[in-house]
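Trainee: Numbering (my numbering), first residue to last: 13 to 475. Cβ coordinates follow ideal geometry from the N, Cα and C atoms, glycine included. This is the structure, below, for whatever I ask next.
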């Protein structure tokens with residue numbers, strides 16, 4: 013071997029050894045903490061059998077963003093109890109256990125299994141759908157526990173470790189890095205109160221509810237969702253940050269329910285053109301598109317067109333960050349709001365309200381059949397829904413006829429307040445406005461969808 017080749021081999025080996033020396037050693041984290049990680053065994057009420065060949069999936073979940081549902085896929089055939097599994101961890105020596113809401117929601121029985129194979133029947137202390145967290149209680153003492161990390165201590169690029177039971181493979185360990193912080197993910201109800209941690213840790217069905225550790229062996233998050241097109245890990249997993257976990261668990265333990273702060277505004281992002289129009293040096297903040305009547309925002313003097321750039325000392329970079337901040341504030345607290353109005357910075361004080369449960373649309377007798385022109389079936393909006401949206405009137409879409417002008421644009425549950433240039437306050441108004449439309453005319457439909465106001469463009473079909 014020539015002197016040059018010897019030098020190159022030595023150089024490569026030294027580089028490999030140096031790289032190996034810089035990699036973290038996870039063994040001590042696993043040895044010190046795995047005993048406090050548990051497997052959750054759940055049974056839920058039986059469901060009616062699906063027709064042969066038809067598979068069912070969890071409700072309200074986009075194809076690309078799946079909760080960690082039963083790893084066997086779909087629902088079993090026959091009216092028999094369904095079983096599923098998840099993960100969790102012990103928080104206190106006297107038996108409080110943290111897991112995901114979707115792991116135990118609707119359960120008829122919950123069993124907690126430890127690494128030493130001991131099993132305990134668990135009581136569901138409280139559930140919180142908006143954060144996807146649940147608190148359980150088992151009757152035991154002197155249990156091993158995990159420590160929650162300090163809020164906001166995690167940084168992008170840090171190594172993190174997950175322990176859970178993917179696909180029933182009990183207490184598996186996977187590792188990766190933090191890819192991003194404060195991710196806002198879509199939900200079926202358009203609610204967004206969790207600034208998720210994004211990682212490339214291999215997470216799969218069954219890891220749900222398990223802990224995410226930092227290199228100090230502290231819990232920095234609770235594994236909740238994955239982004240996937242196949243049902244398995246592709247390196248995009250999302251965890252509930254410890255700041256949310258602390259707040260939700262404390263409230264569930266104290267009262268069995270969670271109260272969240274409520275401001276009472278509809279917001280949207282600020283783009284380059286809007287930033288110039290509102291006197292901002294760059295796109296930032298949350299633009300107020302609607303202020304709910306009687307809300308804390310209205311009482312504080314917040315107006316439509318204001319750009320909220322700071323809330324309770326937290327800078328608001330994008331509109332999706334505002335619900336995260338407001339939701340964590342205790343109702344009744346008085347905080348300062350920094351905003352831009354007509355190019356000037358203003359500071360207002362607001363007393364944060366309490367977020368109420370989502371109001372459903374009540375059944376009404378008056379239903380308008382789908383019109384021959386647009387193909388929309390509507391009925392008057394119930395008072396609780398109107399109050400929630402800050403409206404005084406409107407109609408709710410109950411059905412959309414296939415292959416009609418509205419098909420693919422208007423959806424069931426939309427609240428229509430304007431059709432063309434005419435206000436829609438009742439089903440009668442809707443009929444009259446529809447009848448006044450001209451064939452081939454392009455119209456705007458003003459509506460609310462999942463709490464958000466927007467305009468939809470439709471073209472009236474030729475008669």
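Using the C-alpha atoms, what's the distance from residue 275 back to residue 55?
Mentor: Distance between the alpha carbons of residue 55 and residue 275: 38 angstroms.
Trainee: Do residue 265 and residue 137 come within 9 angstroms of each other at the CB atom, strictly closer than that value?
Mentor: Closer than 9 angstroms, so yes.
Trainee: Quick one: which unbroken alpha helix (DSSP H) runs of 4-plus residues sit fully inside the segment 268 to 351? Chain order, please.
Mentor: Correct list: 284 to 289, 308 to 312 and 333 to 339.
Trainee: Residues in the same chain with beta-carbon distance under 6 angstroms from residue 244, minus the five sequence neighbours each way, listed in chain order, please.
Mentor: Excluding residues within five positions, the ones whose Cβ falls inside 6 angstroms are 216.
Trainee: Does the contact criterion of 3 or more C-beta pairs under 8 angstroms hold for the segment 222 to 235 versus the segment 31 to 47?
Mentor: A contact exists between the segment 222 to 235 and the segment 31 to 47.
Trainee: Is the segment 178 to 196 touching the segment 150 to 159 in the sense that three or more CB pairs, one from each, lie closer than 8 angstroms?
Mentor: Contact between the segment 150 to 159 and the segment 178 to 196 is absent, because fewer than three Cβ pairs lie under 8 angstroms.
Trainee: Looking at residue 233: is its Cβ nearer than 9 angstroms to the Cβ of residue 176?
Mentor: Taking 9 angstroms as the Cβ cut-off, residue 233 and residue 176 do not qualify as a contacting pair.
Trainee: Return the CA-CA distance between residue 117 and residue 111, expressed in angstroms with no decimal places.
Mentor: Approximately 11 angstroms, taken between the alpha carbons.
Trainee: For residue 272, count the other beta carbons within 10 Å of its own beta carbon; 16 or more makes it buried, fewer makes it exposed. Which is it?
Mentor: By the neighbour-count rule (16 or more Cβ atoms within 10 Å), residue 272 is buried.
Trainee: Output the distance between the C-alpha atoms of residue 81 and residue 309, rounded to the nearest integer angstrom.
Mentor: Legend: pLDDT at residue 81 = 38, less than 50; position of this residue unreliable, value from coordinates given subsequently. So the alpha carbons of these two residues sit roughly 38 angstroms apart.
Trainee: Quick one: using the 10 Å Cβ neighbour count with 16 as the cut-off for buried, is residue 391 buried or exposed?
Mentor: Burial call: buried.
Trainee: Give the secondary structure of residue 237 by DSSP, where H, G and I count as helix, E and B as strand, and everything else as coil.
Mentor: Strand.
Trainee: Measure the C-alpha to C-alpha separation of residue 268 and residue 152 and round it to an integer number of angstroms.
Mentor: Between residue 268 and residue 152, the C-alpha separation is close to 20 angstroms.
Trainee: Just reading off the beta strand (DSSP E) that residue 453 is part of, what are its end residues?
Mentor: Looking at the DSSP string, residue 453 is not in any beta strand (DSSP E), and its letter there is neither H nor E.
Trainee: From the DSSP output, in three-state form, read off residue 209 for me.
Mentor: Strand, per DSSP.
Trainee: Looking only at C-alpha atoms, which of 473, 346 and 464 sits nearest to residue 385?
Mentor: Nearest of 473, 346 and 464 to residue 385, Cα basis: 473.
Trainee: Please report how far the alpha carbon of residue 380 lies from the alpha carbon of residue 469, in whole angstroms.
Mentor: Note that residue 380 scores a pLDDT of 46, beneath 50, so its modelled location is shaky and nothing firm can be said.
Trainee: So, for residue 334: in the same chain, excluding its five sequence neighbours on each side, which residues have a beta-carbon less than 7 angstroms away from its beta-carbon?
Mentor: For residue 334, where only same-chain residues beyond five positions count, the Cβ hits under 7 angstroms are 279, 298, 320, 323 and 328.
Trainee: Measure the alpha-carbon distance for residue 170 versus residue 197 and round it to whole angstroms.
Mentor: Their Cα atoms are separated by approximately 22 angstroms.
Trainee: For the beta strand (DSSP E) holding residue 356, just list the boundary residues, first then last.
Mentor: Taken as a continuous stretch (DSSP letters only), the beta strand (DSSP E) holding residue 356 covers 356 to 363.
Trainee: Is the beta carbon of residue 387 closer than 9 angstroms to that of residue 408?
Mentor: No, they are not a contact pair.
Trainee: Reducing DSSP to helix, strand and coil, say where residue 101 ends up.
Mentor: DSSP places residue 101 in strand when its eight states are reduced to three.
Trainee: Taking contact to mean at least 3 C-beta pairs separated by less than 8 angstroms, is the segment 430 to 449 in contact with the segment 340 to 355?
Mentor: Verdict: no, contact absent.
Trainee: Which partner residues does residue 418 have in the DSSP bridge list?
Mentor: According to DSSP, residue 418 bridges with nothing at all.
Trainee: Between the alpha carbons of residue 107 and residue 363, how many angstroms are there, rounded?
Mentor: Cα to Cα, residue 107 sits roughly 37 angstroms from residue 363.
Trainee: Which parts of the segment 127 to 196 are runs of the beta strand (DSSP E), unbroken and 3 residues or longer, counting only runs that do not cross its ends?
Mentor: Listed in chain order, the complete beta strand (DSSP E) runs (minimum 3 residues) inside the segment 127 to 196 are 131 to 140, 145 to 150, 171 to 176 and 184 to 195.
Trainee: Tell me the DSSP bridge mates of residue 251?
Mentor: Residue 251 pairs with 209 and 235.
Trainee: According to the neighbour-count rule (16 or more other Cβ atoms, all chains shown, within 10 Å of its Cβ), is residue 147 buried or exposed?
Mentor: Result: buried.
Trainee: Could you tell me the alpha carbon to alpha carbon distance between residue 289 and residue 457, rounded to whole angstroms?
Mentor: Those two C-alpha atoms are separated by around 25 angstroms.
Trainee: Quick one: measure Cβ to Cβ for residue 337 and residue 303, integer angstroms, because I've assumed they're closer than 8 angstroms.
Mentor: Not a contact, Cβ separation roughly 18 angstroms.
Trainee: Within 10 Å of its beta-carbon, does residue 120 have 16 or more other beta-carbons around it, so buried, or fewer, so exposed?
Mentor: Residue 120 comes out exposed.
Trainee: Quick one: what's got a C-beta closer than 7 angstroms to residue 436's C-beta in the same chain, skipping five residues either side?
Mentor: Around residue 436: 406, 407, 428, 429, 430, 442 and 445.
Trainee: May I ask you to list the residues that DSSP assigns as paired with residue 409?
Mentor: In DSSP, residue 409 forms a bridge with 390.
Trainee: Between residue 2 and residue 50, which are expected to be in contact by the criterion C-beta below 8 angstroms, what is the C-beta distance as a whole number of angstroms?
Mentor: This structure cannot settle anything about residue 2, because the visible part of the chain is limited to 13 through 475.
Trainee: Please work out which residues of its chain come closer than 6 angstroms, Cβ to Cβ, to residue 66, disregarding the five sequence neighbours upstream and downstream, and give them in chain order.
Mentor: Residue placement at residue 66 is poorly supported in this model, since its pLDDT is 34, which falls under 50; the coordinates are not used for a value here.
Trainee: Measuring straight from C-alpha to C-alpha, what distance separates residue 213 and residue 186?
Mentor: Computed Cα separation, rounded: 6 angstroms.
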